[in-house]
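K.L.:
Quick note, the sequences are listed as chains A and B, same order.
Numbered according to the working numbering, the first sequence spans residues 1 to 99.
Numbered according to the working numbering, the second sequence spans residues 1001 to 1626.
Note that CB positions come from ideal geometry on N, CA and C, so glycine has one too.
As the structure is a prediction and not an experimental result, all values here were calculated from the model.
Handing you this structure, nothing more for now.
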Amino acid sequence: MTKTDYYEVLGVTRQDSEEEIRKAFRRKAMEYHPDRNKEPDAEEKFKEINEAYQVLSDSSKRAQYDRFGHAGADGGGFDRPFDGFDVFGGFGDIFDSFF
Amino acid sequence: MAVPFPELDGDALESNRRPESPEDHGFNEEGIPILPDIPTGAHHEASSGGLFFSPDDTESRQLPPSPPPLPENTGSSLDPPEYDLSSEEDVGPVVGIDLGTTFSCVAVWEGGRPCVIANNMGNRTTPSWASFHSDNVFVGEAARAKASRNPQCAVYDAKRVIGRKWSDTSVQESLRLWPFSLAEHRGNCAFQIGSQLYTPEEVSAYVLAKMKHAAEDYLGRKIKKAVVTVPAYFNDAQRQATLDAATIADLEVARIINEPTAAALAYGLEKTEGDDSLQTLLVYDLGGGTLDVTILVLDGGVFEVKSTSGDTNLGGQDFDNKLVEHFLPEVKAQCGVDITDNKAKAMKKLRDACQVLKHNLSHSETATIEVDALINGKDFDSSLSREKFVEITHSLLERCLKPVKQALQDARMSADEIDEAVLIGGSTRIVRVQQLLEEMFPGKKLSKKINPDEAVAMGAAIQGANLSRAYETKDPRLVGITLMDVTPLSLGIELASGKMSTIIPRNTTIPYSHTRVYKNNEDYQTKAIVEVFEGEEKYTKNNRLLGKFTLPGLPPKRRGQVQIPISFTVDANGVLEVVACVSGEEGTTKRLVIQKDKGLLTEDDIQRKAKILAKWERKCRAEKLN
């Protein structure tokens, strides 16, 4: 399973400003919010849009994503040495993902 | 693109549903339901009832309609037939109910706008009081009227104890000042009247039923569904308990929405017409028992909440308490009796007089307090200036701006980016509170455009109408209105170190889902215990446990070698689902489903209490009581 590029999800480009990302998110949100869209996959679609927005609307998370892609954003990549963490949780989490 | 982990199947139960029968799934020895193993990569099939959930596969998934929050709520807002207007005759409109600490209000969408419904006394808000007697239960004005004679039988403030533990400091601190008795009931709070215990859910259910009656009388039809509001900062237990109260009152909750968001809806509906400019609002909601602050952006019809903060234990009642405490020594001096000493009637009289005094200080520099025959036939009178009032309530006023600062910080905004501050809740009439906000937002107008007592119910009615109609048949004023709320508290799990690992940070727009991968802490560990918490503290022991489960079947590997992805999903109702998976040997995936900790009431309790309440409703109708 490949994950769709966050910029693609929102229909924006890497050069677009925060303002344009915000606008794109609201436009998409209007379309897919489960209160408005009763299609069975609307909620999932909304979550996907929302996830992209949560990352791209935060400048530091966006920078991480631009550098590392989804691996940077999800912290789930099996090819990473410390795959038990989410980079957004801060690096302290690298050694703190055990339970 | 890297694949974070093999396709994993998770299946989540709606967290606030009652436990399913053991036949549905297997149970392990600890009584935790285990779903059958599913080969990795097998094609997903939606399980009946549960939300199908696989954390890393967002595209190809088929979602069955979300199950209702409670089994009784058959025909949730997502149920297709409901959108058929022809069936509306049976369902009735979805009313909006603001279940307040001191007052409640009901509204319905009618004639293209939200209308507040007056109760049988002609009042647009109803006291959130219930008075329990051997032959009947009185609610609203009737209950408050009974309180002068039988103060121990009349209870209020259910919202301040609902979903709270008995040991909660805020409960313990308020005990002394309530004229009624509270007792511990299974670790939680219950009102004690004689030898009978009434849970806060029950008391709230009577209030909800009363609001339902008012709407039924007005509309001339049965009401089955409502949008009920809660303070934005209510935690999960408090929300769950509120849902239970609605179930007891035989109301299906179409949606629980946050009070400030509801108020913003009411405000924004007027605003958005012909005005498509982007606006940032700060809703300041200081009610009878809670303070909520919400920052949201209005863009066309989209209401996007940016952040929310609050204090679930700060409201008009606390100001009353301070006044009562202030006057107690004076009462003792004038009347020669300590009225805190089991003199419930006198305490009630003094409290009522303090409330009147507080109200008068909103329009006068000084106000008097006069109580005829307070105790032993002796009168009490005194006065207070605004200045003195500010001094007495200093510690409360200090807390009034904290959530504002927090909300601004969380929204990454400064005070001057707020276009308008909207005041909601009766306690925003306190002059000093308004001054504090004016100082916080210099040069900005504080908007008092909407009725602070009714805005929340009106917003709930708007959302009710919004949820009850098909998009195509919606009122033109509702088309385009979309509410996007946030999670008020951070959600996460406990790590081996005792630290909280946040998976969904507070103020994340919902619905949302996120997965993080964790690792085994010990060599050859065979199971992992997943404990789910909400709160902002670094260590979980200072946060609130929502529930826990054990994930068995870890493959025997050294420390850090087992990947355990944990997914958190919050739906539009703010309901959390947690799914943990482990990739076993031979490429199998163990799925395990948990439910969150239940409220204080069991399914049986709710059913039994609902029956009592239904009987009471029939009696009230037949004998024209309440």
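#1: Would you say the region 1101-1119 of chain B touches the region 1166-1177 of chain B, given that touching needs at least three Cβ pairs under 8 angstroms?
#2: So, helix, strand or coil for B/Met1413, using DSSP?
#3: So the candidates are B/Val1293, B/Thr1126, B/Gly1301; which of them puts its Cα closest to the Cα of B/Glu1270?
#4: Below 8 angstroms CB to CB, which residues in the same chain sit around B/Arg1477 once its five sequence neighbours on both sides are set aside?
#5: In angstroms, rounded to a whole number, what distance separates the CA positions of B/Leu1491 and B/Thr1502?
#6: Could you check what DSSP says for B/His1647 in three-state terms: helix, strand or coil?
#7: Roughly how many whole angstroms lie between the Cα atoms of B/Thr1126 and B/Pro1505?
#8: Could you run through the region 1216-1233 of chain B and flag, in chain order, every residue whose CB is less than 8 angstroms away from some CB of chain A?
#9: So, with DSSP's three-state summary, where would you put B/Ile1162?
#10: So with Cβ pairs under 8 angstroms, would you call B/Leu1467 a contact of chain A?
#11: With respect to the alpha helix (DSSP H) encompassing B/Arg1386, which residues constitute its N-terminal and C-terminal limits?
#12: Quick check on this structure: which residue in A/Ala63, A/Glu48, A/His70 has the alpha carbon closest to the alpha carbon of A/Glu18?
#13: Is B/Val1305 near B/Leu1278, with beta carbons less than 8 angstroms apart?
#14: When the Cβ atoms of the region 1328-1337 of chain B are set against those of the region 1514-1530 of chain B, are three or more pairs found closer than 8 angstroms?
#15: What are the residues that DSSP puts in a beta bridge with B/Gly1310?
#16: According to DSSP, is B/Ala1346 helix, strand or coil?
#17: If we ignore side chains and look at the alpha-carbon of each, how far apart do B/Val1283 and B/Gln1435 end up?
#18: Roughly how many angstroms separate the alpha carbons of B/Ala1460 and B/Val1324, rounded to a whole number?
#19: What is the DSSP secondary structure of B/Arg1255, reduced to helix, strand or coil?
#20: Going by C-alpha distance, which of B/Gln1525, B/Leu1446, B/Phe1138 is nearest B/Lys1619?
#21: With DSSP run on the structure shown, which of helix, strand or coil describes B/Val1337?
#22: Apart from the five residues on each side of it in sequence, which residues of its chain come closer than 6 angstroms, Cβ to Cβ, to B/Glu1586?
#23: For the region 1220-1228 of chain B and the region 1189-1204 of chain B, state whether three or more C-beta atom pairs, one from each stretch, are separated by less than 8 angstroms.
#24: In three-state DSSP terms, what is B/Gln1172?
#25: Using alpha carbons as the reference points, say which of B/Leu1291, B/Gly1122, B/Gly1163, B/Glu1110 lies closest to B/Arg1544.
#26: Pick out the complete beta strand (DSSP E) segments inside the region 1444-1499 of chain B, 3 residues or longer, and give them in chain order.
#27: If the cut-off is 9 angstroms on Cβ atoms, which residues from the region 1510-1539 of chain B count as contacting chain A, listed in chain order?
#28: Please confirm whether B/Glu1304 has its beta-carbon closer than 8 angstroms to some beta-carbon of chain A.
#29: Buried or exposed: which applies to B/Glu1398, given that a residue is buried once 16 or more other Cβ atoms fall within 10 Å of its Cβ?
#30: Using three-state DSSP, classify B/Arg1559 as helix, strand or coil.
#31: At 7 angstroms on the CB atoms, spell out the chain B contacts of A/Ala29, in chain order.
#32: Would you list the one or two residues that DSSP bridges to B/Trp1109?
#33: Starting from the C-beta of B/Glu1088, find all residues in its chain whose C-beta is less than 7 angstroms away, skip the five residues before and the five after it, and write them out in chain order.
#34: Hey, how far is the Cα of B/Glu1365 from the Cα of B/Ser1385?
#35: Since A/Gln54 meets chain B, which of its residues come closer than 8 angstroms, beta carbon to beta carbon?
#36: Tell me which residue opens and which closes the beta strand (DSSP E) that B/Ala1528 is part of.
P.N.:
The short version:
#1: The region 1101-1119 of chain B is not in contact with the region 1166-1177 of chain B.
#2: Under the three-state reduction of DSSP output, B/Met1413 falls in the coil class, being neither helix nor strand.
#3: The shortest Cα separation from B/Glu1270 among B/Val1293, B/Thr1126, B/Gly1301 belongs to B/Gly1301.
#4: Closer than 8 angstroms at Cβ, skipping near neighbours: Gly1112, Arg1113, Leu1269, Glu1273.
#5: CA-to-CA, the gap between B/Leu1491 and B/Thr1502 works out to about 6 angstroms.
#6: Nothing about residue 1647 of chain B can be reported from this structure: the residues present for chain B run from 1001 to 1626 only.
#7: Approximately 37 angstroms between the Cα atoms of the pair.
#8: Going along the region 1216-1233 of chain B in chain order, one finds no residue with a Cβ nearer than 8 angstroms to chain A.
#9: B/Ile1162 falls in the coil class under three-state DSSP.
#10: Yes, contact with chain A.
#11: First-last of the alpha helix (DSSP H) with B/Arg1386: 1386-1392.
#12: Comparing Cα positions, the closest option is A/Ala63.
#13: Going by C-beta atoms, B/Val1305 is not nearer than 8 angstroms to B/Leu1278.
#14: Segments in contact, no.
#15: Answer by DSSP bridge pairing, in chain order: B/Asp1292.
#16: Looking at B/Ala1346 - three-state DSSP - the assignment turns out to be helix.
#17: Approximately 16 angstroms, taken between the alpha carbons.
#18: Approximately 34 angstroms, taken between the alpha carbons.
#19: DSSP places B/Arg1255 in strand when its eight states are reduced to three.
#20: Ranking the options by Cα distance to B/Lys1619, first place goes to B/Phe1138.
#21: Secondary structure at B/Val1337: coil, using DSSP grouped into helix, strand and coil.
#22: Residue placement at B/Glu1586 is flagged as unreliable, the pLDDT there being 47, under the threshold of 50; the coordinate-derived value follows with that caveat. The same chain holds no residue with a CB closer than 6 angstroms to that of B/Glu1586 once the five nearest residues on each side in sequence are set aside.
#23: At 8 angstroms Cβ cutoff, the stretches do not touch.
#24: Helix at B/Gln1172.
#25: Considering only alpha carbons, the answer is B/Gly1163.
#26: Counting only runs of 3 or more residues that sit fully inside the region 1444-1499 of chain B, the beta strand (DSSP E) segments are 1482-1484, 1491-1494, in chain order.
#27: Of all residues in the region 1510-1539 of chain B, Ile1510, Pro1511, Tyr1512, Ser1513, His1514, Thr1515, Arg1516, Val1517, Tyr1518, Lys1519, Asn1520, Asn1521, Glu1522, Ala1528, Ile1529, Val1530, Glu1531 have a Cβ within less than 9 angstroms of some Cβ in chain A.
#28: Yes, because at least one Cβ of chain A sits closer than 8 angstroms to the Cβ of B/Glu1304.
#29: By the Cβ neighbour-count rule, B/Glu1398 is exposed, with fewer than 16 other Cβ atoms within 10 Å of its own.
#30: Three-state DSSP puts B/Arg1559 in coil, outside helix and strand.
#31: What A/Ala29 touches in chain B: Val1302, Thr1482, Met1484.
#32: DSSP output for B/Trp1109 lists B/Pro1114 as bridge partner(s).
#33: At B/Glu1088, the pLDDT of 44 sits below 50, so the modelled position is not reliable; the number obtained from the coordinates is stated separately. For B/Glu1088, there are no CB contacts under 7 angstroms within the same chain when 5 residues up- and downstream are skipped.
#34: Distance from the CA of B/Glu1365 to the CA of B/Ser1385, rounded to the nearest whole angstrom, comes to 6 angstroms.
#35: Thr1508, Thr1509, Tyr1512, listed in chain order.
#36: Residues 1528-1534.
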